[in-house]
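Encoded as structure tokens, the structure appears first; notes follow it.
Protein chains in written order, with this note's numbering: chain A, 9 to 525; chain B, 526 to 673.
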């Protein structure tokens with residue numbers, strides 16, 4: 009009987025990709041499962057994921073036997089310890105099998121006409137891998153985050169988002185979850201109200217089927233707390249191109265658009281139409297007239313016309329689409345007093361480089377590129393109802409004036425999520441306000457001041473699970489409300505029926521937030 | 526009002542300069558990287574296992590006149606070794622056949638210092654590689670009765 013290959017590295021130090029201060033630490037055992045058998049035999053035909061799946065089951069059973077907690081770490085994109093546990097940590101990135109296109113019998117009747125757009129993605133598949141493989145099939149992800157190195161399950165589990173005001177965040181297009189839970193038992197979880205995969209699919213997978221709305225809507229943004237998620241299914245879109253347009257403004261020229269999504273007066277290429285992706289990046293220290301402290305970045309969806317957009321430069325010098333954390337985290341916080349705004353402005357001119365009057369056409373995978381490590385990048389992000397954005401900006405300016413720190417303020421707009429603990433849950437559109445920078449004493453002071461100011465301002469808000477956030481149950485309750493929190497807890501208790509099972513898939517952050525019991 | 530002599534002021538300036546340069550040198554080092562790309566149409570840089578960097582120090586001697594060092598490790602499958610260190614279930618390359626996706630060379634300040642002190646006789650760099658993770662894609666099952 010062949011065994012799945014699992015590299016085990018005991019007493020390993022783990023840190024996140026941005027080596028954020030206070031994130032990670034020593035790990036008792038670091039597991040790296042592979043989609044390979046130890047006797048070099050092949051996986052069952054059409055099921056390249058089986059060794060990896062068996063590896064995850066084996067790791068869960070080992071953690072149970074050893075009385076250890078276990079979590080999966082993805083690409084280490086999160087800027088806090090949401091993925092981390094010092095017991096058993098699983099590096100899932102080599103579990104990257106992708107199945108693209110299913111026969112009609114494997115999806116429910118409502119989806120049979122589009123079954124060839126269905127994708128079964130193993131947990132470690134990175135968004136850049138998905139972009140690349142989907143593009144070969146003339147397909148694309150419905151949306152993604154600001155960069156492309158996250159694993160699909162890691163990005164989903166923390167509600168990673170772009171600015172897709174008609175799509176939502178990544179969890180909002182996930183249709184089903186394949187979860188390895190207590191005892192190494194695997195389950196296929198999807199909505200009861202909108203089932204996507206047929207019984208034949210679940211039988212082919214060999215999992216136990218659970219159709220339950222609350223369980224699905226809890227586990228899809230469950231930050232690793234429902235088990236090791238082995239794979240997900242979603243429906244890809246026909247391949248499209250993204251047309252990027254960036255223009256620099258003064259703050260007061262874009263405030264109306266940023267707070268109401270009224271595009272009039274911005275002079276965008278498609279006029280007053282709300283773009284597929286609308287984003288405003290403010291320099292909080294350049295708020296005056298003539299200072300150019302606001303950058304508007306929009307993306308329009310365009311039809312893909314073969315052979316596609318003009319090719320990338322071939323000299324290897326340019327990798328487009330670095331995210332804000334990669335740029336803003338480098339130097340701004342170390343600027344001499346009084347020069348912070350100028351230094352940040354210089355960085356933003358590079359990171360959000362204006363294209364106006366031209367625009368730049370690219371495939372989705374190229375429009376959002378790599379996140380380069382920053383040696384201490386950090387960030388804070390809040391989801392806010394669209395009708396309270398003006399108030400929220402007032403709160404933020406009061407904090408940045410009192411506690412300057414090297415971070416821009418980036419606003420994106422995401423369709424409200426049904427996921428119970430998604431920070432993008434405010435309907436119909438959630439404005440996410442992100443402040444990426446470097447992990448410094450001044451940033452930590454400002455973050456704490458931001459937590460306090462929003463708590464006092466009576467503005468509904470929720471924090472991104474993968475960034476800096478207040479870690480206490482009262483904040484979770486205040487953010488999401490009693491009903492959502494109770495439903496999430498009940499769904500988890502119904503799925504992980506024993507206290508030992510719930511402890512198995514918990515960590516310190518979950519404990520601190522009062523969500524692990 | 527205290528008056529400082531020009532010698533003292535110069536000493537303080539030199540001290541400040543030294544401390545500043547030391548702080549800069551201790552945190553910085555030269556680094557270079559090469560990233561592989563996927564085929565068109567996306568041509569993305571390949572996905573890598575970011576959580577499992579494989580770092581080693583490679584040495585050169587006698588101004589590079591020694592043989593070119595080539596680092597090409599193998600690991601025991603599942604780490605299974607007998608007491609003598611022989612692999613029980615064979616060996617495998619660290620990237621399990623997926624290849625290297627990202628390769629980085631770091632030249633720490635102390636290596637530069639070593640090269641200088643030894644007049645180039647001993648020189649070293651830290652190399653780090655990250656394995657590629659993509660295993661491509663295939664079609665899902667198409668019929669219940671057919672190949673699944």
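Built from N, CA and C at the ideal position, the CB exists for glycine as well.
These numbers were taken from a predicted model, which means no experiment stands behind them.
For the options A:451, A:472, A:423, A:358, the alpha carbon positioned closest to that of residue 431 of chain A is the one of A:472. Residue 403 of chain A and residue 394 of chain A have their alpha carbons spaced roughly 15 angstroms apart. Per DSSP, reduced to three states, the secondary structure at residue 636 of chain B is helical. Residues of chain B with a Cβ closer than 8 angstroms to the Cβ of residue 151 of chain A do not exist, since the nearest Cβ in that chain sits about 16 angstroms away. The beta carbon of residue 631 of chain B sits no closer than 8 angstroms to any beta carbon of chain A. For residue 586 of chain B, the enclosing beta strand (DSSP E) has its first and last residue at 579-586. The alpha carbon of residue 244 of chain A has as its nearest neighbour, out of A:46, A:32, A:149, the alpha carbon of A:149.
Proximity of chain B to residue 515 of chain A at the Cβ level (cut-off 9 angstroms) is not reached, the minimal Cβ distance being about 16 angstroms.
Using a CB distance below 7 angstroms, the part of the region 570-590 of chain B facing chain A consists of 570, 572, 574, 575, 576, 577, ordered along the chain. Boundaries of the beta strand (DSSP E) harbouring residue 37 of chain A: 33-45, taken from the DSSP string. Between residue 255 of chain A and residue 304 of chain A the beta-carbon gap is near 5 angstroms, inside 8 angstroms, which marks them as a contact. Chain A has no Cβ within less than 8 angstroms of the Cβ of residue 598 of chain B.
Using beta-carbon distances, residue 567 of chain B counts as an interface residue toward chain A, with a partner under 8 angstroms. When A:373, A:67, A:55 are compared, the shortest CA-CA separation from residue 562 of chain B is found for A:373. Residue 665 of chain B sits in coil when the DSSP states are folded into three classes, being neither helix nor strand. Residue 668 of chain B belongs to the set of residues whose beta carbon lies under 8 angstroms from a beta carbon in chain A. Chain-order list of chain A residues neighbouring residue 603 of chain B: 11, 13, 14, 15, 16, 46, by C-beta distance under 8 angstroms.
When C-beta atoms of the region 74-85 of chain A are compared with those of the region 231-244 of chain A, three or more pairs fall below 8 angstroms, so the two segments count as touching. Close partners of residue 640 of chain B in chain A (Cβ separation under 9 angstroms) are lacking, with about 25 angstroms as the shortest Cβ gap. Neighbours of residue 315 of chain A across chain B, judged by C-beta separation under 9 angstroms: 565, 566. Unbroken beta strand (DSSP E) stretches of 3 residues or longer found wholly inside the region 594-650 of chain B: 625-633, given in chain order.
At a cut-off of 8 angstroms between beta carbons, residue 652 of chain B makes no contact with chain A. With contacts defined by Cβ atoms closer than 8 angstroms, residue 130 of chain A and residue 147 of chain A do not form a contacting pair. Any Cβ of chain A closer than 8 angstroms to the Cβ of residue 556 of chain B would place that residue at the interface, and such an atom is absent. The region 210-274 of chain A is shown to contain whole beta strand (DSSP E) runs of 3 or more residues at 216-219, 236-243, 248-257, in chain order. At least one C-beta of chain B is nearer than 8 angstroms to the C-beta of residue 141 of chain A. Annotated as distal: residue 422 of chain A and residue 33 of chain A, with beta-carbon spacing of 8 angstroms or more.
For residue 207 of chain A, the number of other beta carbons within 10 angstroms of its own is below 16, and it is reported as exposed. When the Cα atoms are used, residue 570 of chain B and residue 137 of chain A turn out to be separated by approximately 9 angstroms. Legend: CB atoms of the region 58-86 of chain A lying less than 7 angstroms from CB atoms of chain B belong to residues 81, 83, 84. Per DSSP, residue 506 of chain A is not a residue of any alpha helix (DSSP H), being assigned neither H nor E. Our two residues, residue 18 of chain A and residue 43 of chain A, have alpha carbons roughly 21 angstroms apart in a direct line. Judged by beta-carbon spacing, residue 413 of chain A lies beyond the 8 angstroms limit of residue 424 of chain A, meaning their Cβ atoms are not closer than that value.
Bounds of the beta strand (DSSP E) holding residue 446 of chain A are 437-446. Against residue 43 of chain A, the close residues of chain B are 660, in the order they occur along the chain (beta-carbon pairs closer than 8 angstroms).
When Cβ-Cβ separations below 8 angstroms define contact, residue 665 of chain B makes contact with chain A.
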